[in-house]
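Trainee: Mind having a look at this structure? Questions to follow.
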Amino acid sequence: MSTMHDMNSLKKQSRIAALLYIVNALPAPFALLYVPSVLIVRGDAAATASNIRDSEALLRLGMAGELFSATVVIFAMFAFYHLFKAVSQRHAMAMMILMLISVPISYLNVLNDLAALTLARGPAFLSAVFDKAQLDALVLFFLRLHNQGFILAQIFWGLWLFPFG
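Following this note's numbering, the numbering of the sequence shown begins with 37 at its first residue and continues without gaps.
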């Protein structure tokens, strides 16, 4: 009887971990692929900044999607750790730590999008120092910096798979 209960508990834990991992991944195509493809005009800072000004809500939704994913992955990793610690606590811990390293990177990386949004709006205090073309260039710079931060987080999204495997 105990074995049946353990099996049902294991199935439940597996489903929770898988569901959390899937929910974590749902906003990714929108936030990390679609939003940049709509807003960023390669090599054209003025057009990119104009897109940001015209589609502020889209950028904010992308930022929210990234923050949501980074938050849900925390719970997914704890669920995976709980599931796999009986098999190998060392590997389960390594898996969890490697993926969790990406979370603060992802959180902080959203600040690059927020900086781009702020600069695109051209706050009055900056207009005394920067002209519109310079602000537009900074918008594109911060969006590119966001892309670099995304690449950094991806390294850890991949590394956690080694102990997972």
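For every residue, glycine included, the Cβ atom is placed at its ideal position computed from N, Cα and C. In this text, all values refer to a predicted model and were calculated from it rather than measured experimentally.
Using DSSP with H/G/I as helix, E/B as strand and the rest coil, what is G79?
Mentor: Looking at G79 - three-state DSSP - the assignment turns out to be coil, as it is neither helix nor strand.
Trainee: Please go through the stretch 142-166 and give each complete alpha helix (DSSP H) segment of 4 or more residues, from N-terminal end onward.
Mentor: Whole alpha helix (DSSP H) segments, 4+ residues: 160-163.
Trainee: Can you tell which of V109, I137, A83 and R78 has its C-alpha closest to the C-alpha of L55?
Mentor: Out of V109, I137, A83 and R78, V109 has the C-alpha closest to the C-alpha of L55.
Trainee: With distances taken Cα to Cα, identify the nearest neighbour of L181 among I141, K48, H118 and V123.
Mentor: Closest by alpha carbon: I141.
Trainee: Tell me the DSSP secondary structure of G101 in three-state form.
Mentor: In this structure, G101 counts as helix in the three-state DSSP scheme.
Trainee: Is DSSP giving V123 helix, strand or coil here?
Mentor: It is coil, neither helix nor strand.
Trainee: Can the beta-carbon of K121 be found less than 8 Å from the beta-carbon of A128?
Mentor: In contact: K121 and A128 (Cβ atoms closer than 8 Å).
Trainee: Going along the chain, which residues of its own chain have a beta-carbon closer than 6 Å to the beta-carbon of A130, five neighbours each way excluded?
Mentor: Within the same chain, A130 has close Cβ partners P199.
Trainee: For Y143, which residues from the same chain have a beta carbon less than 6 Å from its beta carbon, with the 5 sequence-adjacent residues on both sides left out?
Mentor: Once the five neighbours on either side are set aside, the close Cβ partners of Y143 are A106.
Trainee: Can you name, in chain order, every residue of its own chain whose Cβ lies under 8 Å from the Cβ of A169, other than the five neighbours on each side?
Mentor: Counting only Cβ-Cβ distances below 8 Å, and skipping sequence neighbours, we find A81 and A82.
Trainee: Applying the 10 Å Cβ sphere with the 16-neighbour rule, what's the burial state of R69?
Mentor: Residue identity check: residue 69 is Leu in the sequence provided, not Arg. Classification of L69: exposed, given that the 10 Å Cβ count is below 16.
Trainee: If distances are taken between C-alpha atoms only, which option among I137, W196, W193 and A93 comes closest to D149?
Mentor: With distances taken between Cα atoms, D149 lies closest to A93.
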